[in-house]
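As structure tokens, the structure follows; a few thoughts come after it.
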Amino acid sequence: MLQFLARRLLVAVLVCLTVLTFAFALTRLAGDLAISIAGPNSTAEDIEVVRKAYGLDRPLVTQFFDWVSRAVVGDFGRSYFFREKVSTLIFDRLPITLTLGLVGLGIALSVALPLGVISALREGRPVDRIISLVALLGQAMPSFWLGLVLMITFGLHLGWLPISGTGTWQHFVMPGTVLAFSAIPALMRLTRAGMIDAMSADYIRTARAKGLSRTSIVLKHAARNAAMPVVSIAAVQLGFMLGGSIVIETVFALHGVGFLAWESISKNDFPTVQAVVLLLAIIYTLLTLGADLLNAVLDPRLRAA
Amino acid sequence: MSRWRSWGRNWGLWLGAFIVGFTLFVAIFAPMVATQDPFAQDLSRRLVPPSWMEGGRPQHFLGTDGLGRDYFARLVYGARISMLIGIATVVTSGIIGIALGVVGGFFGGRIDDVILFTITARLSIPLILVALAVVSLVGSSLTVVVATLGLLLWDRFAVVARVATMQVRTLDYVAAAWSAGCSQPYIVMREILPNILSPLAVVATLEMALAILLEAALSFLGLGVPPPLPSWGLMIAEAKDYMFFNPWVIMVPGMSLFVLVFGINLLGDGLRDLLRTGRVA
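Line by line, the protein sequences give chains A and B. With the first letter of the first sequence counted as 1, position 119 gets the number 119 in my numbering; the numbers rise by one all the way through. With the first letter of the second sequence counted as 1, position 227 gets the number 532 in my numbering; the numbers rise by one all the way through.
Quick look at the structure:
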């Protein structure tokens with residue numbers, strides 16, 4: 001167990017370091033950062049001043065180690081555009097994105113789990129086919145477009161929900177639903193596959209032979225074993241959802257980290273972009289790490305792997 | 306029962322193939338399908354509704370956009386962008402992912418560890434955010450979007466190619482090739498690659514659908530295909546300001562995107578079922 005833990009931790013740390021390097025390299029893609037920061041109408045002197053002010057005149061290796069040594073202690077420098085510390089900017093907006101992600105995951109699970117179980121119990125029957133078809137339809141839905149359609153329908157015509165902003169819990173219903181759509185098909189398929197596997201296992205036959213009720217077999221025996229891969233995928237999906245929230249936050253004008261990222265990208269505010277890329281990668285890595293550990297605790301067989 | 310099921314499967318496969326084939330046809334023969342110029346503006350005829358709605362005009366089948374451009378022509382030329390992005394991205398990411406996956410699965414050991422780590426690191430990188438940042442930094446163009454998506458979307462190809470290679474590597478015909486003294490490159494190219502292509506075909510459809518959706522999202526956020534090119538995502542972005550009074554302006558490109566991606570997914574699903582049953586038989 002300890003060895004498994006150490007190995008997984010090592011990989012997680014290495015992934016974070018790789019992304020750290022990647023985030024640095026990403027912002028140097030355009031060539032001269034100073035020109036981008038100074039803006040299109042700046043003179044040669046302006047650019048020179050910017051280059052000095054942001055330390056861009058130093059050798060690239062020095063800049064890199066400077067950014068890494070600061071980033072590992074949570075100092076991402078100051079935003080070029082917002083004139084504020086990047087860490088403050090992000091942590092002010094993180095709660096909104098996390099709320100959105102968790103609402104999205106909650107909706108996704110509450111739709112995907114029952115549908116997956118029903119689909120598995122009716123494997124190959126029309127109900128199963130219809131549910132699979134619905135999953136395919138959901139998968140094909142462009143999230144930003146779905147957001148706009150919901151805004152027109154529930155915001156404008158029916159007037160049930162607010163169109164944009166973050167004031168109340170109602171503000172999270174539409175964005176959360178849209179975000180959930182991206183995760184439902186994967187979660188549902190996995191639940192279905194897991195349930196089909198579990199239902200054909202020996203211990204289910206034993207349970208049947210013992211004369212347990214169908215409800216008890218499905219809920220107590222099969223669902224518990226089918227849940228494990230779903231836990232991993234749910235963690236991964238939450239990571240993807242937090243990354244994908246950039247589109248939905250922009251559509252619904254939710255001022256979370258995704259919206260911040262979009263603003264800073266369009267304003268050439270590279271310290272902020274770098275920091276958000278890194279932050280999302282770290283969250284994703286922690287989520288998958290957590291899911292792996294949880295699974296190892298639940299299923300001792302995995303620890304050897 | 307089984308006949309009903311196999312009909313049901315083929316039904317999805319054929320519908321998917323029809324949608325994709327039809328879109329491809331429209332994309333290739335766009336100038337013949339749409340007789341109007343998708344770029345010509347006519348400010349005296351802005352936001353004309355589709356011809357079957359009140360106030361529609363027969364010469365603008367799907368109406369016009371906010372700049373008075375013919376919506377049908379823009380939709381038809383937009384199919385070109387989506388198909389081009391989808392196919393070009395799949396080719397790029399497919400080459401990268403399959404190369405990585407086959408190398409990892411074939412050699413195993415340390416090399417495989419490195420490849421597995423590369424896949425893990427790639428998965429941790431937020432896709433849309435990085436794509437947006439790259440396009441914003443390098444400048445938006447069709448080529449940049451394809452290159453960016455191609456460099457990002459190889460993970461599933463790599464995962465599937467790796468596992469499939471591991472399975473094929475241990476099979477008798479590969480052992481036979483070894484004992485016949487075939488070289489490593491020969492075995493990889495002639496014995497392994499042809500035998501892992503079918504699961505990769507399914508991945509290709511998934512990635513194509515994803516690439517088309519991502520391009521639309523990037524263009525929607527203003528950092529994808531640059532205007533005035535008629536990308537469906539860009540059309541939705543341009544129509545957003547009018548959507549509360551003229552909902553059809555976002556319905557037309559949105560539904561097209563939805564149907565195309567659904568078709569590609571149906572095709573992929575159908576292929577998967579076909580291959581699965583084929584393997585059992």
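We put the CB at the ideal spot given by N, CA and C, even for glycine. Quantities reported herein were computed from a predicted structural model and do not represent experimental measurements.
- Residues of the stretch 138 to 151 of chain A with a C-beta less than 9 Å from any C-beta of chain B: Q139, A140, M141, P142, S143, F144, W145, L146, L148, V149 and M151, listed in chain order.
- With a threshold of 8 Å between beta carbons, A/W67 makes no contact with chain B.
- For the stretch 280 to 293 of chain A, residues whose beta-carbon sits nearer than 7 Å to a beta-carbon of chain B comprise L280, A281, Y284 and T285.
- The alpha carbon of B/L457 has as its nearest neighbour, out of B/T328, B/N551, B/F344 and B/L519, the alpha carbon of B/L519.
- Burial state of A/D57 is exposed, judged by a 10 Å Cβ sphere holding fewer than 16 other Cβ atoms.
- At a cut-off of 8 Å, the C-beta of A/V297 has no neighbouring C-beta in chain B.
- Considering only beta carbons, the part of the stretch 241 to 252 of chain A lying closer than 7 Å to chain B consists of G243, G244, I246, V247 and T250, in chain order.
- At a Cβ-Cβ threshold of 8 Å, B/G406 and B/A322 do not count as neighbours.
- Between A/A235 and A/L280, the C-beta gap is not smaller than 8 Å, which leaves the two residues out of contact.
- By the neighbour-count criterion, in which a residue is buried when 16 or more other Cβ atoms sit within 10 angstroms of its Cβ, A/L219 is exposed.
- Judged by DSSP secondary structure, B/R495 falls outside any alpha helix (DSSP H); it is assigned neither H nor E.
- Comparing alpha-carbon positions, the option among B/G326, B/I390, B/W459 and B/L348 lying closest to B/A426 turns out to be B/W459.
- A/R208 is a Cβ neighbour of A/I217, given a cutoff of 8 Å.
- Under DSSP, the beta-bridge partners assigned to A/K85 are A/R78.
- A contact between stretches requires three or more CB pairs, one per stretch, nearer than 8 Å, and the stretch 414 to 434 of chain B fails this requirement with the stretch 361 to 378 of chain B.
- Excluding sequence positions up to five before and after B/G409, its CB lies within less than 6 Å of the CB of D417, I420 and R467, all in the same chain and listed in chain order.
- Close CB contacts of B/T453 within its chain, under the 7 Å cut and outside five residues either way in sequence, are with A436, V439 and V440 (chain order).
- When rounded, the separation of the alpha-carbon atoms in A/L26 and B/Q346 is 38 Å.
- Where A/I248 is concerned, the enclosing alpha helix (DSSP H) starts and stops at A223 to F252.
- By the Cβ-count criterion, A/Q3 is exposed, with fewer than 16 other Cβ atoms from all chains shown falling within 10 Å of its own Cβ.
- Chain-order list of chain A residues neighbouring B/G486: empty, with the shortest C-beta distance near 36 Å, by a criterion of under 8 Å.
- The stretch 171 to 191 of chain A makes contact with the stretch 126 to 146 of chain A: 3 or more CB pairs, one atom from each, lie closer than 8 Å.
- Within the stretch 422 to 455 of chain B, F422, T425, A426, L428, S429, I430, P431, L432, I433, L434, V435, L437, A438, V439, S441, L442 and V443 place their CB atoms closer than 8 Å to a CB of chain A, listed in sequence order.
- Along the stretch 545 to 557 of chain B, going in chain order, the ones with a CB nearer than 9 Å to a CB of chain A are K545, M548, F549, P552, I555 and M556.
- Within the same chain, no residue comes within 7 Å of B/P552 by CB-CB distance, once the 5 residues on both sides are set aside.
- Ranked by Cα distance from A/L10, the options A/V297, A/P185, A/N295 and A/T285 are led by A/T285.
- Here the C-alpha atom of B/I555 lies approximately 35 Å from the C-alpha atom of A/I37.
- For A/T168, the closest of A/S200, A/L100 and A/A193 by C-alpha to C-alpha distance is A/L100.
- Contact of A/S266 with chain B is assigned, a C-beta pair being separated by under 8 Å.
- The stretch 328 to 341 of chain B and the stretch 365 to 385 of chain B touch, with three or more beta-carbon pairs separated by less than 8 Å.
- Listed along chain B are L434, each with a C-beta nearer than 7 Å to that of A/A261.
- Separation of B/I501 and B/V473 (C-alpha to C-alpha, rounded to the nearest whole angstrom) is 8 Å.
- Positions of the alpha helix (DSSP H) runs, each at least 4 residues long and wholly inside the stretch 153 to 179 of chain A, cannot be given because no such run exists.
- Scanning the stretch 390 to 421 of chain B from its first residue to its last, no whole alpha helix (DSSP H) run of 4-plus residues comes out.
- Per DSSP, the unbroken alpha helix (DSSP H) holding B/W537 starts and ends at W537 to A544.
- Counting along the chain, A/K52 sits inside the alpha helix (DSSP H) bounded by residues A44 to A53.
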